[in-house]
Structure formats: structure tokens, C-alpha cells
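Under the numbering used here, the first residue of the sequence shown carries the number 1392, and numbering increases by one thereafter.
We put the beta carbon where it would ideally sit given N, CA and C, even for glycine.
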Amino acid sequence: MKHRDISAIDRQLSLLASVSSSIRRLGGKPSTALIDELLDERIASRRPLGVGSGCTEGESAAERG
């Protein structure tokens, strides 16, 4: 599965946060289902540091020598 760019997901999250805030100001209760889905997608899009390279967190292959 191809993941979307994290910055695109962040832009959607920012927009939804603004919409949710407006709904709350008007006395409503916004749904968080779409926000939850986007957060899950964002987490899945991140690659763990050093996976498969034998590097420790924050260490590059060049630093290992």
C-alpha cells in the first residue's frame, strides 16, 4: 500500500481541527472518526528509524563506519 505524504495528511488534520473548533463554538459536537483515521494513516506512513540497517536510533550507516 502506498502511503501519502505526511505533510498532506498534516494539512488535512489542520483543516479538520479548524472545522471541529467552529462546530464546538456553535454548540455542536464534532465527530472525531475522520481525525482518528488520518492519525492512523500518519502513524503508518512513518518509517521506524534504523530498521533493517543495523543502525541505532539517530545513527547513520556512515557514522557506524
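Asked                                                                      : Found
R1395 (DSSP reduced to helix, strand or coil)                              : coil
Alpha-carbon to alpha-carbon, G1418 and R1482                              : An answer regarding residue 1482 cannot be provided, because it is not within the stretch 1392 to 1456 covered by the chain.
Distance, S1422 Cα to E1428 Cα                                             : 12 Å
Beta-carbon proximity of E1404 to I1426, cut-off 9 Å                       : It is Leu, not Glu, that sits at residue 1404 in the sequence shown. Going by C-beta atoms, L1404 is nearer than 9 Å to I1426.
Where the alpha helix (DSSP H) through L1458 begins and ends               : Only positions 1392 to 1456 of the chain appear in the structure, and residue 1458 is not among them; the question remains open.
Residues near L1415 in its chain [Cβ-Cβ closer than 7 Å; skip 5 each side] : It is worth fixing the name first, because residue 1415 is Arg in this sequence and not Leu. P1421, listed in sequence order.
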